[in-house]
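Reading the sequence shown from the start, the letters are residues -19 to -1, 1 to 114 in mature numbering (1 follows the signal peptide of the UniProt record, and there is no 0). Everything on this sheet refers to the single structure shown next.
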Amino acid sequence: MKYLFILFFLISVAAPAQNDNWKKLAEKTVAFKNEKDKVTLTGSEKDITKVKLTCTQGTLELKSVTIVMENGEKKEYDAKGLGVLTNGMSSVPYAVPSKGDKVKYLELEYDTKGKVILTKRAKVEVWGKKGKD
């Protein structure tokens, strides 16, 4: 009983810390091939400091992420070291280049994994975070 209480306590403390201040900004369904896509952010939540990607269906290998600001500034991140994202996995947070400006869009370069007949197409969510850390 004591261990059960400790387990519930740890879960209740850790769960809110994982998703604090992150807001979903966009969704993208990707095809079964090497691709480079432009993802325009939806809503008014474009003044963010960090961006991360979450795979909600299928499997894909993220190769690069480019954040393009409204003032034209770009920052490209090499995501090859990240490896393969599968259902439920998230990328590391990427810092936005101009903290005072708004994000215009993201360019994602990726390779989806799987067979067209056997696997569903990969779906990716773009999350943004305001504030520090």
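The beta carbon of each residue, even a glycine, is placed where N, CA and C say it ideally should be. Keep in mind the model is a prediction, meaning the values are calculated, not measured.
Proximal residues to Lys19 (C-beta, below 6 Å), its chain only, five neighbours per side dropped:
Tyr86 and Glu88
Would you mind giving the Cβ-Cβ distance between Ile29 and Val77, rounded to the nearest angstrom? I have them listed as a contact below 8 Å.
6 Å
Distance between Ala12 and Ala(-5) (C-alpha atoms, nearest Å):
Confidence at Ala(-5) is low in this model, with a pLDDT of 44, below 50, so the placement of that residue should be treated as unreliable; the coordinate-derived value is given next. Answer to the nearest angstrom: the Cα atoms are 32 Å apart.
Within 10 angstroms of the Cβ of Ser25, are there 16 or more other Cβ atoms? Answer buried if so, exposed if not.
exposed
Using 8 Å for Cβ pairs, my map puts Lys33 next to Thr47. What's the rounded Cβ distance?
The Cβ separation is near 15 Å, so there is no contact.
Measuring CA to CA, which of Lys111, Lys61, Leu63 and Val65 is closest to Asp82?
Lys111
beta-carbon Ala76 near the ligand MG non-hydrogen atom, thresh 6 Å
No copy of the ligand MG appears in this structure; indeed no ligand is present at all.
How far does the beta strand (DSSP E) with Gly109 in it extend, from its first residue to its last?
Lys104 to Lys110
When we look at the beta-carbon of Gly53 and count the other beta-carbons within 10 Å, is it buried (16 or more) or exposed?
exposed
Helix, strand or coil: how does DSSP classify Leu22 here?
coil
What are the boundary residues of the beta strand (DSSP E) that Glu54 is part of?
Where Glu54 is concerned, there is no enclosing beta strand (DSSP E), given that its DSSP letter is neither H nor E.
What are the partner residues of Thr30, as DSSP defines its beta bridges?
Partner(s): none; Thr30 has no beta bridge.
Cβ-Cβ distance between Thr35 and Lys104 below 7 Å
no
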